[in-house]
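Worksheet: the structure to be examined is printed underneath.
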Amino acid sequence: MKMDSNKVYHLLYRSFKSDYLDENQVGDIIVSARRNNTLLEITGILMYRDKIYVQLLEGYKNKVLKLYEKNICKDKRHHDQKVLVSKGFKHVFLKIGAWG
Ligand SMILES: Cc1cc2nc3c(=O)[nH]c(=O)nc-3n(C[C@H](O)[C@H](O)[C@H](O)COP(=O)(O)O)c2cc1C
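Listed below in structure tokens is the structure:
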């Protein structure tokens, strides 16, 4: 992915898995994330353990915020999202090659 490092934006948040969601369905999220994020030029990491998600989204600010606010936050499969880091980077550029 080619990206102007001046525009790289990171959003890191944590949330809690909804009780009704089976742990086996967590993989479904990765499938749609891989597909959609590639089209949006967003990379990142999604971690899940003991009912807690931690996700780092990296990409253009407008695209990252739109995905987070319009899609991810409205998803009933998790709740109590809390943004831990929301920051644009001018010089530091942690480029994650593939969605993980
Ligand atoms: C913890 C969590 C993380 C998610 N991360 C992403 C993501 O990075 N990209 C994405 O497109 N959808 C993500 N989703 C799913 C979205 O909320 C939404 O279901 C999806 O974007 C809808 O797209 P689709 O109709 O193509 O599946 C996530 C959902 C949860 C619960």
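Residue numbers (my numbering): 196 to 295. Positions of the beta carbon are idealized from the N, C-alpha and C atoms, including for glycine.
Can you pull the DSSP bridge partners for T238?
Paired residues: E253.
Any chance the CB of Q220 is under 7 Å from a heavy atom of ligand 1?
Because no heavy atom of ligand 1 lies under 7 Å away, the Cβ of Q220 does not count as near it: no.
Put L207 into one of helix, strand or coil per three-state DSSP.
Strand.
So, under 8 Å CB-CB, S210 and Y248 are touching, yes? Tell me the CB distance rounded to an integer number of Å.
Right, their Cβ atoms sit about 5 Å apart.
Three or more C-beta pairs under 8 Å: does that hold for the region 224-243 against the region 260-275?
Yes, since at least three Cβ pairs between the region 224-243 and the region 260-275 fall closer than 8 Å, the two stretches touch.
If you drop the 5 nearest sequence neighbours on each side, which residues of the same chain put their C-beta closer than 6 Å to that of L251?
Excluding residues within five positions, the ones whose Cβ falls inside 6 Å are L207, G239, I240.
Drop a sphere of 10 angstroms on the beta-carbon of E218, count the other beta-carbons inside from all chains shown, and report buried for 16 or more, exposed for fewer.
That one is exposed.
Going by DSSP, what residue range makes up the beta strand (DSSP E) through D214?
Where D214 is concerned, there is no enclosing beta strand (DSSP E), given that its DSSP letter is neither H nor E.
Indicate the three-state DSSP secondary structure (helix, strand or coil) for K261 in the structure shown.
Reduced to three states, the DSSP call for K261 is helix.
Give every residue of the same chain whose Cβ lies closer than 6 Å to the Cβ of K212, excluding the five residues on either side of it in the sequence, and list them in chain order.
K246, H273, listed in sequence order.
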